[in-house]
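Peer 1:
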Amino acid sequence: MSSTASRKAKSAASNEHLRQRVVAALEDLKAKDVREIDVRGKTSIADILFIASGTSARHVKSIADEVIKFAKEAGVMPLGVEGQTEAEWVLVDLGDIIVHVMMPRIREFYGLERLWTVGDDGAEAANA
Numbered sequence: 025m026s027s028t029a030s031r032k033a034k035s036a037a038s039n040e041h042l043r044q045r046v047v048a049a050l051e052d053l054k055a056k057d058v059r060e061i062d063v064r065g066k067t068s069i070a071d072i073l074f075i076a077s078g079t080s081a082r083h084v085k086s087i088a089d090e091v092i093k094f095a096k097e098a099g100v101m102p103l104g105v106e107g108q109t110e111a112e113w114v115l116v117d118l119g120d121i122i123v124h125v126m127m128p129r130i131r132e133f134y135g136l137e138r139l140w141t142v143g144d145d146g147a148e149a150a151n152a
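Numbering (my numbering), first residue to last: 25 to 152.
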């Protein structure tokens with residue numbers, strides 16, 4: 025196995041472990057309406073987007089904080105975190121995985137699911 029193929033395999037395993045940690049964090053804090061969207065081939069910014077809702081600004085912030093904590097435990101430092109002050113929409117950038125935690129009205133207004141799943145057959149945009 026070449027070193028490039030070895031790195032890709034290691035990266036894929038690492039990404040899957042991180043994906044599992046993100047799912048665990050979202051479940052742990054009871055995030056609502058969690059969607060996992062595979063955006064490979066649609067953008068170079070990430071491979072997977074998670075979109076989830078919280079029931080209040082405090083809940084949104086707590087969910088995002090849990091995602092950050094679980095990612096750090098998996099050995100991944102967030103590249104950036106935006107929106108924690110207002111906590112209506114918190115974005116956690118974990119590199120190949122980006123997590124959006126939003127208040128329901130903000131989520132409905134921006135419609136990220138519709139944006140990233142236009143033209144999909146539904147299989148790629150399956151609920152988590």
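The beta-carbon is built from N, C-alpha and C at its ideal position, and this holds for glycine as well.
(1) On the CB-based measure, 16 or more other CB atoms within 10 Å of its CB, does Thr67 come out buried or exposed?
(2) What are the start and end residues of the beta strand (DSSP E) that includes Glu106?
(3) What residue range does the beta strand (DSSP E) around Asp71 cover?
(4) Compare the Cα-Cα distances from Thr141 to each of Ile87, Asp62, Ala49 and report the closest residue.
(5) Give me, in chain order, the residues of the same chain whose beta-carbon lies closer than 7 Å to that of Ala98; leave out the 5 immediate sequence neighbours on both sides.
(6) Thinking Val100 and Leu118 are a contact (beta carbons under 8 Å), I'd like their distance in whole angstroms, please.
(7) Measuring alpha carbon to alpha carbon, tell me which residue in Val125, Ala111, Pro102, Asn39 is nearest Arg64.
(8) So, with DSSP's three-state summary, where would you put Lys85?
(9) Comparing C-alpha positions only, which one of Glu90, Ile75, Leu53 sits nearest to Arg59?
(10) Which word fits Leu50, buried or exposed, when buried means at least 16 other C-beta atoms lie within 10 angstroms of its C-beta?
Peer 2: This is what the structure gives:
(1) exposed
(2) 104–106
(3) Segment: none, Asp71 is in no beta strand (DSSP E) and carries neither H nor E.
(4) Asp62
(5) His41, Leu42, Arg45
(6) 6 Å
(7) Asn39
(8) helix
(9) Ile75
(10) buried
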